[in-house]
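To keep things clear, I will list the structure first and then write my remarks on it.
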Amino acid sequence: MAMDVVDYEIFGSDMQYVEVELDPGEAAVGEAGGMMYMQDGIQMDTVFGDGSQQQGGFFSKLLGAGKRLVTGEGLFTTVFHNEGNGKRRVAFAAPYPGKIIPVNLAELGGTLICQKDSFLCAAKGVSLGIAFQKRLGVGLFGGEGFIMQKLDGDGMAFVHAGGTLVEKTLRPGEVLRVDTGCVVAFQPSVDFDIQFVGKIKSALFGGEGFFYAVLQGPGQVWLQSLPLSRLANRIVLAAPAAGGSSVGQGSLLGAGVLGGILSDE
Amino acid sequence: MSQVFDGRLFGPGLPGPGQPGTAEWHGSALCVRHAGAEHVAERLEIDARGLDADQIQLSWTTAEGVFTFSVHAPGEIDRLLQAAPVPYREPLNETRKAHSRLVRRFRWAWLGFGIAIGMALGMVALGFALLEPLSARLSQSVSREHESQLGELVLAQARAAVPITEQGPAVQAVESIGERLLQTPSYRYRWFVADSPELNAFAAPGGIVVVHAGLIRAAESPEELAGVLAHEVAHSELRHGLRALLKSMGLSLIVAALLRGGAEEYLASSAAKYTELKFSRDNEREADREAVARLAAARIDARPMLSMFEKLAASAAEQGGDPPEFLSTHPDLEERIASLKALTATQPSPLPIAMDWQAVQRSLAR
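Protein chains in written order, with our numbering: chain G, 1 to 265; chain L, 1001 to 1366.
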């Protein structure tokens, strides 16, 4: 299927949004609720499924929509068409602090596997599917669960994750051990497995959990420095209204659980 | 003769995400072409990689470093396997096996998970299905003495809510009618009147029958009261109260059944909630049949029982509350009344109850 070529620009540093330029007749798909603004001339259209099967039957659409439900997204995607005469822009904003990364699927060989919920927007024609993590250990302990999102196509896609996003290139056979939960996306040629930290002592007191994610090349991987759950956990711990304790900023042990234990409030 | 298959080449000097390429076997070597360049690879290492170990990655080492040719699409993998040289056949088949093993384990795990959930649900359903027969069975293992003790607990609970008296003309009237309904009592029956305007009556385990004053005031004749008493006595004699208590224990009932005995300790704790319990529909029907039989045996007219039931249901509906306990919330009240009608149709000639009903009612007047 012919992809729409989109030009884009990413604004902001830690709470970013991406502005996508659409030529007349071009379109982009976005997560429902992800749109920030759009210029006059852009028509918003909500479609059932991911909008990639334009002439697919009802059942293929239904299946696509069902898969989207499984990944925790809405049943509908929003398609933004440029119905005007000139170039028009539409912007999509990231839902929490982090970075937006542009991914050219064509360069990756057409497929990107990413953690669910990380999709922000893409050129129309990119299909949003699911990939089951069939390695039981990885599904249970890999931090991403059993369901991953699969982006197929050869256009641009924009993926969002928490903190700083880093793209790593793994040479053939190169191994990178990653904290579970920090893996955002990877090329299908990358092998994703888990490994026990090795020592019970480190598992219990190392603070990194019982398993690493082990990524083995070749291929590209994207890592996030701050998974949203970790950020949320810290916020709750520090929020008195949610049962946490407000810890003074200058305190020596002023953060996290230890601070919570010591300051008796 | 050799077949070309597509894949992606990774290696030194190539872009990080790799580049598309094609490959074919030449004898024991792999010939990989991409962007005009050609690599001849020997001494390949073969691995199953990727999300589901669904890719075959062929790696070789040169002076520049390690190259990997990754084959993903099923059709391409088939072509790769078809023309593979003999020494590589075994490791290549291993990669396929690794993939199918992974998929199989995944399916088994979910199947196991599904079965575990199904079994848990099945156990719960079975528990509910077994509740009735189990409680019937276990009720036989509880001694009459213990049942009477439970009755005392229930009575004490009821006393906390309303004043209950054991004396007076009303209690005597209740007792005299009640004793007539009992040819061979299983318990030492005790009769009480609760000082409450409610139109209600209940039988606690172990032969304790409590009638609310409101019900006596509403009854137009001793026969009407006798109908309600027959129903309560039937519950008592059939040990329905004990069974309801046992059933309210739920899961602990099953545990008690497995431990053979031990139900008695649990029972005391659930006795506190006795008045909130409901008899099952079958218990109510059984009690209705038994009540009619007892009335017939005592030669008391059973038809006033019907009018009393209708009166109680009407008064309850009027107040907007639930019908009294012994009419319970069963939706088939009309059906019960209909079947009672059928049962009472063929009654031997009854004898009227000789009693100054007005005096009994007056004794309860406020």
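Note that CB positions come from ideal geometry on N, CA and C, so glycine has one too.
The C-alpha of isoleucine 1046/L lies about 40 Å from the C-alpha of tyrosine 8/G. Collapsing the DSSP output to three states places arginine 88/G in a strand.
The C-alpha of cysteine 114/G is placed about 29 Å away from the C-alpha of leucine 204/G. At a cut-off of 8 Å between beta carbons, histidine 1072/L contacts chain G. Distances from the CA of arginine 1159/L to each of Val1193/L, Leu1131/L, His1146/L and Arg1137/L were compared; the closest alpha carbon is that of Val1193/L. DSSP places aspartate 1195/L in no beta strand (DSSP E); its state is neither H nor E. With a cutoff of 8 Å on beta-carbon distance, valine 221/G and valine 159/G are scored as not near each other. Boundaries of the beta strand (DSSP E) around leucine 223/G: 219-224.
Counting of Cβ neighbours within 10 angstroms places valine 1086/L among the exposed residues, the total staying below 16.
Taking CB atoms only, isoleucine 113/G has a neighbour in chain L less than 8 Å away. At least one C-beta of chain G is nearer than 8 Å to the C-beta of arginine 1049/L. Looking at the backbone, the Cα of arginine 1107/L and that of alanine 1116/L are separated by about 14 Å. Taking 9 Å as the upper bound on Cβ-Cβ separation, chain L lies near residues Leu170, Arg171, Pro172, Gly173, Glu174, Phe186, Gln187, Pro188 and Ser189 of the stretch 170-189 of chain G.
Below the 7 Å Cβ cutoff, chain G contributes Leu136 as neighbours of alanine 1109/L, in chain order.
A distance below 6 Å between beta-carbons, with the five flanking residues on each side excluded, links histidine 1034/L to the following residues of its chain, in chain order: Leu1009, Gln1019 and Gly1021. Residue contact with chain L for aspartate 154/G: absent (no Cβ-Cβ distance below 8 Å to any residue of chain L). Nearest to alanine 1218/L by C-alpha distance, out of Ser1315/L, Gly1114/L, Lys1341/L and Leu1150/L, is Ser1315/L. Within chain L, no C-beta atom comes less than 9 Å from the C-beta of phenylalanine 119/G; the nearest is roughly 17 Å away. The beta carbons of tyrosine 212/G and threonine 169/G sit no closer together than 8 Å. Nearest CB-CB separation between phenylalanine 192/G and chain L: below the 8 Å threshold. Here DSSP, grouped into helix, strand and coil, assigns glutamate 167/G to strand. With a cutoff of 8 Å on beta-carbon distance, methionine 156/G and alanine 122/G are scored as near each other.
In the assembly as shown, valine 236/G is an exposed residue. Its beta-carbon has fewer than 16 other beta-carbons within 10 Å.
As for any alpha helix (DSSP H) of minimum length 4 sitting wholly inside the stretch 1116-1204 of chain L, the runs are 1144-1161 and 1169-1181, ordered along the chain. At least 8 Å separates the CB of aspartate 1006/L from every CB of chain G. Within the stretch 155-169 of chain G, the residues whose Cβ lies closer than 7 Å to some Cβ of chain L are Thr169, listed in chain order. Contact between glycine 1207/L and serine 1135/L fails: their C-beta atoms lie close to 19 Å from each other, not under 8 Å. If you check the CB distance, alanine 28/G and valine 90/G come in under 8 Å. Under DSSP, alanine 1037/L forms a beta bridge with His1034/L. Within the DSSP secondary-structure output, histidine 1240/L pairs in no beta bridge. Between glycine 219/G and chain L, the shortest Cβ-Cβ separation is below 8 Å. In this structure, the CA atom of alanine 106/G is about 21 Å from the CA atom of phenylalanine 1067/L. By the Cβ neighbour-count rule, threonine 77/G is buried, with 16 or more other Cβ atoms within 10 Å of its own. Annotated three-state conformation of phenylalanine 48/G is strand, per DSSP. Taking a Cβ-Cβ cut-off of 8 Å, valine 1032/L has no neighbours in chain G, whose nearest Cβ is about 13 Å from it.
According to the DSSP assignment, phenylalanine 205/G belongs to the alpha helix (DSSP H) that extends over 200-205.
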